[in-house]
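A short write-up of the structure that comes next.
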Amino acid sequence: MAKVSAPGKVILFGEHAVVYGEPALAVAVNLRTTCAAMPSRRVLVNDAEPNRMRDAYILSSIVSGWAYLDRKVSVWVSSSVPTSSGLGSSAALCVACVGALRALEGDIDTEDIAKRAFDAEYRAQGGASPTDTSTSAHGSGVLLAKEMTDGYLWTVTKGENVWHVHHRAVPKVGIVVGDTGVRASTAMMVGKVRRFVERNAFARDLVKEIGEITMEGARALEKNDLELTGRLMERNHRLLLTLGAGHPMLDKLVRAVKPHSYGAKLTGKGGGGSIVALTDRPEKAAAAIEASGGKAYVLSPADRGVGVDEA
Ligand code: PMV
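Next comes the structure, spelled out in structure tokens:
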């Protein structure tokens, strides 16, 4: 039996643009998904026959995690990462499951797990950037960039896209997520933005501008300049709205937390989903989100990425 856990994440800068090879900055948070795995005569998920739709990420992780495809495994999954809230629940699930399978083979290597988990998420979702899976695997802050720079960890490629993954330290600051309760699928939102980007030069300029803001944001965070980071997050938010990833509830929550935070923006796919705010007054920010009809999660950055837990 192997038991491995991995954290959820929030994207501070660069979602959607990162799908086209632009940079993104994400932070692992203190919510985790755990996967226990044991060789077995047939594939079982939480002691039941797997369901191809419901367990798509787990089944895809089993394919990506094993060195030998014909092996069967029984997995037990539990998670404190809420689903469909922009907190990277699918990536944490893929990283924890792939990690548990690799641990069964005695081979816990973070880079290898990050890459296999990216393949698993990509296959199950029909497209993804490695932002969430690399952040969940490494923990702490993660910058995906076009060039190799300080803190280089590994490189992920898919088709024409190349992402160099880097470690970034994250200042101790409150992270508050506000879930609008409006559900949108990542695949649908990525498809919507893609159609705009493929047809429209203005949209391609927006993507490049998000990339520039992301690099500025990474520099601001490195200098612990939270005021500037917050202003850049708000610029990133407005660009994402123009790109078609907005929703009136997202704007409502961003406005509500503004007096209590350095800055806020939609995080992840958008079209609903969640906002993220950086703040020194997390309880106040959370209360403002709840008073505006959202569900608040008060979180903090987590240094620990994928790791073996006591079985
Ligand atoms: O909402 P999430 O956590 O699934 O994040 C999606 C982020 C995108 O940039 C829109 C897609 C991706 O795979 O990077």
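All the letters of the sequence shown, read from the start, carry residue numbers 6 to 316 under the numbering used here.
The beta-carbon is built from N, C-alpha and C at its ideal position, and this holds for glycine as well.
Roughly how many angstroms separate the alpha carbons of L49 and K257, rounded to a whole number?
Counting from 1 along the sequence shown, the entry for residue 49 is found at position 44. Counting from 1 along the sequence shown, the entry for residue 257 is found at position 252. Whole-angstrom Cα-Cα distance: 43 angstroms.
Which of the three DSSP states is assigned to P44 in this structure?
The residue labelled residue 44 in the question sits at position 39 within the sequence shown. The answer is strand: DSSP assigns P44 an E or B state.
Going by DSSP, name the residue or residues bridged to K8.
Position 3 of the sequence shown, counting from 1, holds the residue named residue 8. In DSSP, K8 forms a bridge with A41.
Leaving out five residues before and five after G91 in sequence, what residues of the same chain have Cβ atoms less than 6 angstroms from its Cβ?
The residue you call residue 91 lines up with position 86 of the sequence shown. Correct list, in chain order: T272, G273, G278 and S279.
Are at least three pairs of beta-carbons, each pair with one atom in the segment 63 to 82 and one in the segment 134 to 146, less than 8 angstroms apart?
Taking 8 angstroms as the limit for Cβ pairs, the verdict is that the segment 134 to 146 does not touch the segment 63 to 82.
For L304 and S95, I'd like the C-alpha separation in whole angstroms.
Counted from its first residue, the sequence shown places residue 304 at position 299. Counted from its first residue, the sequence shown places residue 95 at position 90. Whole-angstrom Cα-Cα distance: 18 angstroms.
Taking only three categories from DSSP, how would you classify L49?
Numbered from 1 along the sequence shown, position 44 holds the residue referred to as residue 49. Here L49 sits in strand by DSSP.
For L17, does the three-state DSSP call read helix, strand or coil?
Within the sequence shown, numbered from 1, the residue matching residue 17 stands at position 12. L17: strand per DSSP, three-state reduction.
Excluding sequence positions up to five away, which residues of its chain have a Cβ less than 7 angstroms from the Cβ of T247?
Here residue 247 refers to the residue found at position 242 when the sequence shown is read from its first residue. Within the same chain, T247 has close Cβ partners L211.
Give me the residue from V311, G19 and V23 with the minimum Cα distance to N166.
On the sequence shown, position 161 is the one that residue 166 refers to. Minimum Cα distance to N166 is reached at V23.
Let me confirm a value: D308 is counted as buried when at least 16 other C-beta atoms fall within 10 Å, else exposed. Which label applies?
To locate residue 308, count along the sequence shown from 1; it is residue 303. D308 should be labelled exposed.
Within its chain, find whatever has a CB closer than 6 angstroms to the CB of S134; leave out the 5 residues flanking it on each side and keep chain order.
As a working mapping, residue 134 is identified with position 129 in the sequence shown. Excluding sequence neighbours, S134 sits near V23 and V24.
What do you get for M254, buried or exposed, if any count of 16 or more other CB atoms within 10 angstroms of its CB means buried?
In the sequence shown, counting from the first residue as 1, residue 254 sits at position 249. The residue in question, M254, is buried, as its Cβ has 16 or more Cβ neighbours within 10 Å.
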